[in-house]
Structure formats: C-alpha cells, structure tokens
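In the working numbering, the protein residues as written are 93 to 162.
Every residue, glycine too, gets a C-beta built ideally from N, C-alpha and C.
Written out below as structure tokens is the structure these notes cover.
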C-alpha cells in the first residue's frame, strides 16, 4: 500500500471552488480507479486556506494508473 499526504494552501477567494472541485474529483477517482483505497481532503479549521489531501493506493500499478488519468 502506498500512502500520500499533501498539504495545500488555497487562496481565501478560491476555497469554495477548491472544495467543490476536490469533491467532484474524489467521486471520479473512487468510481474509476479500483486501486485507490482512500482519497479524502481535510480542511484545517484553524487555518482556513490549508487543506490536507490523503490518498492510499493498493500497489505501484494503482499509483501509475492514477497519475496517468486526466
């Protein structure tokens, strides 16, 4: 299993757009990438522009498939 955690800093005027875009992407990833075991975002309430994305893939082939998608 490969786990990835990324911290993103989103401009205040882009937070709503980022959340919507991520949620749309999350649905597509989970529906179309069987090798993805977990794909979530966490919005830090103490720092409104900070998001953490957590991803888990079953094997290196699943990571490669994710990176190859649009």
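| Check | Outcome |
| --- | --- |
| Helix, strand or coil for residue 60 per DSSP? | Here the chain covers residues 93 to 162 and nothing more, so residue 60 does not appear. |
| Go through its chain and collect everything with a Cβ distance to residue 110's Cβ below 6 Å, but skip five positions before and after it. | 102 |
| So, under 8 Å CB-CB, residue 100 and residue 143 are touching, yes? Tell me the CB distance rounded to an integer number of Å. | 5 Å |
| Can you tell me which of the three DSSP states residue 98 falls into? | strand |
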